[in-house]
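Visitor:
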Amino acid sequence: MKFVKLVFSIIFSFILLFSNSSLEAAVEEQINLYISGPKEMAKLLEAEFEKEYGDVLNVYHSGSGPLRQKVWTEMLAGSIQADIVWGAEPMMYQALKEKGVLLRYRPPMIQDLKKEYIYGDGYFTAVNARYGVIVYNKERVLTDEIPTGWADLLDRRWHQRLGIADASQSSTALAITSGLYQLFDYSWILYRALGENEVMLTKQNIDVVSKIETAELDLGIAPHDGVLRLINKAKKRGIESPLGIIWPVEGIISIQRPIAIIKKERSLEADNLVKKFVDFSLSETGQNIATRFGFITVRNGLKLPEGVPQTIEVSSLDWKYASKHQEEIRATFKEIMFTD
Amino acid sequence: MQLLKRSCLPIRLVLRKHLKSETVSGLFLLITLTVLVIYPLIMLVLNSVGISVNNFSFNLKDYLNLFFDRQFLGALVNTLYLALTVSILSSLIGGGLAWLVTRTDLSGKGLIDLLVFLTFIIPSFIMAVSFIELFGKNGIITNLFLETCKVNTSPLEIYSLGGVILVMTINLYPLVYMTLSNALKNSDHSIEEAAYLDGAGRLRVLFSITLPMIMPNILAVGLLVFARTVACFGVAALLALPARKYILTTYIYTALSSLNLSQATTVSIILILLTGAIFLIQSKFLKNRDYITLSANSSRPKELSLGRAKKTVMGIILFFFFLTTILPLIVILLTSFLKAFGLDYQLSNFTLANYRNILFEQSLTIRAFRNSILYGILSASIALLLGSLATYLANRSSFRGRKMIEFFASWPMAIPGIVIAVAAILAWINPPLKLYNTPWIIIVSYVTASLPLVVKNVSGLLQNIDQELEEMAWILGASYLKTFRWIIIPLIKPGLRTGWILAFLFVLREIPISLMLYTSGTETIGVLLFNLRSDSGGLETLSAFAVILLLLTITGHLLIKGFRRWEKVN
Chain A
1 MKFVKLVFSI IFSFILLFSN SSLEAAVEEQ INLYISGPKE MAKLLEAEFE
51 KEYGDVLNVY HSGSGPLRQK VWTEMLAGSI QADIVWGAEP MMYQALKEKG
101 VLLRYRPPMI QDLKKEYIYG DGYFTAVNAR YGVIVYNKER VLTDEIPTGW
151 ADLLDRRWHQ RLGIADASQS STALAITSGL YQLFDYSWIL YRALGENEVM
201 LTKQNIDVVS KIETAELDLG IAPHDGVLRL INKAKKRGIE SPLGIIWPVE
251 GIISIQRPIA IIKKERSLEA DNLVKKFVDF SLSETGQNIA TRFGFITVRN
301 GLKLPEGVPQ TIEVSSLDWK YASKHQEEIR ATFKEIMFTD
Chain B
1001 MQLLKRSCLP IRLVLRKHLK SETVSGLFLL ITLTVLVIYP LIMLVLNSVG
1051 ISVNNFSFNL KDYLNLFFDR QFLGALVNTL YLALTVSILS SLIGGGLAWL
1101 VTRTDLSGKG LIDLLVFLTF IIPSFIMAVS FIELFGKNGI ITNLFLETCK
1151 VNTSPLEIYS LGGVILVMTI NLYPLVYMTL SNALKNSDHS IEEAAYLDGA
1201 GRLRVLFSIT LPMIMPNILA VGLLVFARTV ACFGVAALLA LPARKYILTT
1251 YIYTALSSLN LSQATTVSII LILLTGAIFL IQSKFLKNRD YITLSANSSR
1301 PKELSLGRAK KTVMGIILFF FFLTTILPLI VILLTSFLKA FGLDYQLSNF
1351 TLANYRNILF EQSLTIRAFR NSILYGILSA SIALLLGSLA TYLANRSSFR
1401 GRKMIEFFAS WPMAIPGIVI AVAAILAWIN PPLKLYNTPW IIIVSYVTAS
1451 LPLVVKNVSG LLQNIDQELE EMAWILGASY LKTFRWIIIP LIKPGLRTGW
1501 ILAFLFVLRE IPISLMLYTS GTETIGVLLF NLRSDSGGLE TLSAFAVILL
1551 LLTITGHLLI KGFRRWEKVN
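What follows is the structure, encoded as structure tokens:
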């Protein structure tokens, strides 16, 4: 019986030790924020907001795919647990808007935003942008073979050298896929070539960049911000990163990270806090924190992150089309990539 | 009940009292297990036929669509191919080693036991990470091979189904080894010796006596390996998904990521049917294994002399262990000290920053360890309580639902972790049973998954206890629960202890359940293992985390061994 006693005493000491933290559910007064993007950025944003309002945020952080999956599963199962959703790409928000689960709110600083980022009809608002680009390893890709644009990726010389994030796992990857599909005149020519070149699929976009940095891959397609972060991380460790960015001549794919409030019953105080957080995300402080992590600001008059050219060719995308056809795009992507 | 049935009136009153306690305990267990195991499965089935909180349109279209879904069919074929190959390879390696250790004069048997055990406790996901560091495009062995052989192609494409086969075989052959070496030790070796005396050759004895004798064990453990491979998630997501190959578990995962809940639930049902069938067949083999002749004498079998081949065989075995266990451990340890994976393994590139980052800068790591340990202790203890009581009632009571109780408590053995998670989401998201977004949804799912581990370890012991012992306790006035507490528990203690430890270790190693169910503050070791590379952007940080986890697991096992020794002495 000594063993049983020992087991039970361990259990109770653990329960006593951690009952105030590990096992308690979210505090009622807190508002739930679901956010994708770098974890460090989420932590900084939380700390900055809570400086003014106290411990009011309960933050769930994940990649864009798991974020979208969590929101969607919760919606299908009956109720979205989040109060605010921030991250991923506009298609998810368009779909949520159509399902009638978003609360309409126009932040007061909307007039300070660049015109191209004002959309969503008040149901969601773009907070940051990231640019889909070509990333390469400077030590693995010879100078004379460095691609200049998306069309160069059709070449057979990239066989087993390329990587992209899986559009059925990552929602940002789905947005990039949709963008490149539109850029290539609504055709799958690029993705068929990628499939034939036996492209490697990763679960998140940052994995593409990280695999290129460690020379598991030679080049790939990913948003620019992750590249800037890994270059900075290497610099901090006293290493020169082999990562390089190509800003394709046909234009980068601009993907915005929107924010939206979920429509649900809340106390007046919580409702107020939720709106304050949306305002905070668009404030200069919120925008500058995101810029430090490589994201493009949506406000006029603020700086671009270091390493992003001042003038850049941006290919304009039809987000409404992308949202409407996202099922079809995802299904075709899977059909091309998963041949057996 | 023999003693009580033959007894006089006051004793019959005792019997009636116990029957009442039995019914109360039985009903309590039946209700608890129905809520824990059956209710989530019902939700899963209902959802797969189009019935949910928001939708009541019964249809089988998702099942019918699967017949035309090329990716699903591909996933099914890949799963079967993977499981079959891993089962065959594990049986060959594990069985071959077991034969060499139990039947030949091979030296260093203790060392082999130790190395197999070391391989056994390395989580498969960590093994996969180390193989990426060895055989990836910029892996140590790949670079060495390319430089030495002056060729352009890698010796092994680790991102492939082949990579999954390699890792899962290394992960699962120890299971075969342990089962078959036990079976071989316990089987009657005198028949083999008689055959040798009659002049039969080694191969003839092996194929006509030894193998047929332990065949039920081979098939049973082979099927267990098959089922475990079918349920594998982390390794397949790490190595096969990048190579654009689905297996059923990763197919469910991406169906959920693609917002296709109904497809995920439909494939989950197919997966349960597949693993359920395997366990049914396996239990048949286990029932039939009675025909193994158990050795009546305790003498050691006469060992076959390997002669001049002895050193060569040992050399091959040691090289095998070096490649599959030692080298992966060394590379993961060295990488954990690198500034960045890909740099040369030289002193100037080494740093403690990865450990500092994990242990002191990332509060998440500590939280993940704390959560996993806490959830592990809680779920293992609850599973221990429910599982042991269920086994006791199933074997020793006249409660009408006892067979159902046993079935409910053992059935989760056939449910892969990812399916338990999908079912839990559907079952626990809405009030009044809302556990979603709390730690309890993970703990409850862990309890469900751990129940069979307890049942399996307790039932064998319980069947060997003479029932008259309990009846005597009843006659002497002990209550039903007191009898369980003072008579039964001490006798099944070894099974309880092993069940608890296995349930706890399961929690430390599992990925899919917590990955699908975690929320802010409830991250576990599995969640971190799966996401750390993406969050930190480096294999070096992931390696440091893996080293800490390995140290924890090894310490845990050493503690258990020490505890057992202490218990024997006392």
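One line per chain: the protein sequences are A and B, in this order.
The numbering of the first sequence is the working numbering, which starts it at 1 and goes up by one.
The numbering of the second sequence is the working numbering, which starts it at 1001 and goes up by one.
Even glycine gets a Cβ: it sits at the ideal position worked out from N, Cα and C.
None of the values given here were measured: they were computed from a predicted structure.
1) For B:A1098, which residues from the same chain have a beta carbon less than 7 Å from its beta carbon, with the 5 sequence-adjacent residues on both sides left out?
2) Identify, in the order they occur along the chain, each residue of the same chain with its Cβ nearer than 8 Å to the Cβ of B:T1351, setting aside the five sequence neighbours on each side.
3) Straight-line CA distance for B:S1305 to B:R1103?
4) Could you pull out every residue in the same chain whose Cβ sits closer than 6 Å to the Cβ of A:S178, ignoring the five residues on either side in sequence?
5) For A:Y60, return the contacting residues in chain B, with the cut-off set at a CB-CB distance below 7 Å.
6) If you draw a straight line from the C-alpha of B:K1434 to the C-alpha of B:E1468, how long is it?
7) Let me know if A:L213 comes out buried or exposed under the rule of 16 or more other beta-carbons within 10 Å of its beta-carbon.
8) Could you tell me whether the Cβ atoms of B:N1575 and B:T1524 are closer together than 7 Å?
9) Mind the definition here: the segment 1225-1245 of chain B touches the segment 179-193 of chain A only if three or more C-beta pairs lie below 8 Å; say whether that holds.
10) With a 10 Å radius around its C-beta and 16 neighbouring C-beta atoms as the bar for buried, classify A:K70 as buried or exposed.
11) Using a beta-carbon distance below 7 Å, is A:S168 in contact with chain B?
12) Grab me the residues of B:T1293's own chain with a C-beta within less than 6 Å of its C-beta, minus the 5 sequence neighbours each way, in chain order.
13) Output, in sequence order along the chain, the residues in the segment 82-106 of chain A whose CB is closer than 7 Å to any CB in chain D.
14) If you measure beta-carbon to beta-carbon, which residues of the segment 1149-1162 of chain B are closer than 7 Å to chain A?
15) Counting contacts by CB-CB distance shorter than 7 Å, is A:I206 in contact with chain B?
16) Looking at the secondary structure, which residues open and close the beta strand (DSSP E) in which A:T291 lies?
17) Please tell me whether A:E50 has its Cβ less than 7 Å away from any Cβ of chain B.
18) Identify the contact partners of A:A215 in chain B, using a Cβ-Cβ distance below 7 Å as the criterion.
19) Starting from B:R1533, find everything on chain A with Cβ-Cβ shorter than 8 Å and list it in chain order.
20) Note down the Cα distance separating B:G1526 from B:K1020, rounded to an integer number of angstroms.
21) Could you pull out every residue in the same chain whose Cβ sits closer than 7 Å to the Cβ of B:H1557, ignoring the five residues on either side in sequence?
22) Where does the unbroken alpha helix (DSSP H) through B:F1072 begin, and where does it stop?
23) Count Cβ pairs between the segment 1341-1356 of chain B and the segment 1399-1418 of chain B that sit closer than 8 Å; are there 3 or more?
24) Roughly how many whole angstroms lie between the Cα atoms of B:P1040 and B:L1261?
25) Keeping to the same chain, check which residues put their C-beta closer than 6 Å to that of A:A129; ignore five residues upstream and five downstream.
26) Thinking C-beta only, is B:G1387 closer than 7 Å to B:V1444?
27) Considering only DSSP beta bridges, list what A:P223 is partnered with.
28) In angstroms with no decimal places, state the Cα-to-Cα distance between A:G122 and B:N1430.
29) Which class does B:N1217 belong to by DSSP, given the choice of helix, strand or coil?
30) May I have the straight-line CA-CA distance separating B:I1475 from B:L1046, to the nearest angstrom?
31) To be precise: take each residue of the segment 1162-1174 of chain B, compare its Cβ to all Cβ atoms of chain A, and keep it if any distance is under 9 Å. Which residues remain?
32) Give the DSSP bridge partners of A:P258, in chain order.
33) Where do the N-terminal and C-terminal ends of the alpha helix (DSSP H) with B:I1332 fall, by residue?
34) Would you call B:C1149 buried or exposed, if buried means 16 or more other Cβ atoms sit within 10 Å of its Cβ?
35) I'd like to know whether the C-beta of A:L180 is nearer than 7 Å to at least one C-beta of chain B.
36) If contact is defined by three or more beta carbon pairs under 8 Å, each pair taking one atom from either stretch, is the segment 1064-1077 of chain B in contact with the segment 1145-1165 of chain B?
Guide: Reading it off the structure:
1) Counted from its first residue, the second sequence places residue 1098 of chain B at position 98. Y1177, L1180, S1181, L1184.
2) Residue 1351 of chain B sits at position 351 when you count from the first residue of the second sequence. F1337, L1338, K1339, listed in sequence order.
3) Start at 1 with the first residue of the second sequence, and residue 1305 of chain B comes out as number 305. Start at 1 with the first residue of the second sequence, and residue 1103 of chain B comes out as number 103. Roughly 9 Å separates the two Cα atoms.
4) Along the first sequence, one-based indexing puts residue 178 of chain A at 178. Excluding positions up to five away in sequence, the list reads A322, I329.
5) Sequence index remark: in the first sequence, residue 60 of chain A carries index 60 (1-based). Near A:Y60 (Cβ distances below 7 Å), the residues of chain B are T1519, S1520.
6) Translated into positions along the second sequence, residue 1434 of chain B becomes position 434. Translated into positions along the second sequence, residue 1468 of chain B becomes position 468. Distance between the alpha carbons of B:K1434 and B:E1468 is about 45 Å.
7) Position 213 of the first sequence, counted from the start, is the residue given in the question as residue 213 of chain A. According to the sequence provided, residue 213 of chain A is Glu. The question's Leu does not apply to it. Classification of A:E213: buried, given that the 10 Å Cβ count is 16 or more.
8) The requested residue 1575 of chain B is not part of the displayed model; chain B covers only 1001 to 1570.
9) no
10) Along the first sequence, read from residue 1 onward, the residue named residue 70 of chain A stands at position 70. Buried, since its Cβ has 16 or more Cβ neighbours within 10 Å.
11) The count along the first sequence starts at 1 and reaches residue 168 of chain A at position 168. Chain B, which has a Cβ nearer than 7 Å to the Cβ of A:S168, makes this yes.
12) The residue you call residue 1293 of chain B lines up with position 293 of the second sequence. A caution first: B:T1293 carries a pLDDT of 48, below 50, which makes its placement in the model too unreliable to give a value.
13) Chain labels in this structure do not include chain D; the protein chains are A and B.
14) Y1159
15) Locating residue 206 of chain A in the first sequence gives position 206, counting from the first residue. It does; some Cβ of chain B falls within 7 Å.
16) The sequence position of residue 291 of chain A within the first sequence is 291, counting from 1. No beta strand (DSSP E) holds A:T291; the alpha helix (DSSP H) holding it covers 284-292.
17) Against the first sequence, residue 50 of chain A aligns to sequence position 50. A:E50 does not count as touching chain B.
18) In the first sequence, residue 215 of chain A corresponds to position 215, counting from 1. Within chain B, the residues near A:A215 are K1137, N1138, G1342.
19) As a position in the second sequence, residue 1533 of chain B is number 533, starting the count at 1. Those are D207, S210, listed as they occur along chain A.
20) Position 526 of the second sequence, counted from the start, is the residue given in the question as residue 1526 of chain B. Position 20 of the second sequence, counted from the start, is the residue given in the question as residue 1020 of chain B. B:G1526 and B:K1020 have their C-alpha atoms roughly 44 Å apart.
21) Within the second sequence, residue 1557 of chain B is the residue found at index 557, counting from 1. Closer than 7 Å at Cβ, skipping near neighbours: I1121.
22) Position 72 of the second sequence, counting from 1, holds the residue named residue 1072 of chain B. Element bounds for B:F1072: 1070-1103.
23) no
24) As a first step, residue 1040 of chain B is located in the second sequence; it is residue number 40 there, counting from the start. As a first step, residue 1261 of chain B is located in the second sequence; it is residue number 261 there, counting from the start. B:P1040 and B:L1261: Cα-Cα distance of roughly 15 Å.
25) Start at 1 with the first residue of the first sequence, and residue 129 of chain A comes out as number 129. Correct list, in chain order: S254, Q256, I296.
26) If you number the second sequence from 1, residue 1444 of chain B lands on position 444. If you number the second sequence from 1, residue 1387 of chain B lands on position 387. No.
27) For the purposes of this step, residue 223 of chain A is taken as residue 223 along the first sequence, with counting starting at 1. Beta-bridge pairing links A:P223 to A:G132.
28) Counted from its first residue, the first sequence places residue 122 of chain A at position 122. Counted from its first residue, the second sequence places residue 1430 of chain B at position 430. Between A:G122 and B:N1430, the C-alpha separation is close to 29 Å.
29) Taking the first residue of the second sequence as position 1, residue 1217 of chain B is located at position 217. It is helical.
30) Mapped onto the second sequence, residue 1475 of chain B falls at position 475. Mapped onto the second sequence, residue 1046 of chain B falls at position 46. Roughly 48 Å between the two C-alpha positions.
31) none
32) Counting from 1 along the first sequence, the entry for residue 258 of chain A is found at position 258. Answer is A:A126.
33) The residue labelled residue 1332 of chain B in the question sits at position 332 within the second sequence. 1327-1336 is the extent of the alpha helix (DSSP H) around B:I1332.
34) Position 149 of the second sequence holds residue 1149 of chain B. Label assigned to B:C1149: exposed.
35) Taking the first residue of the first sequence as position 1, residue 180 of chain A is located at position 180. Chain B has no Cβ within less than 7 Å of the Cβ of A:L180.
36) no
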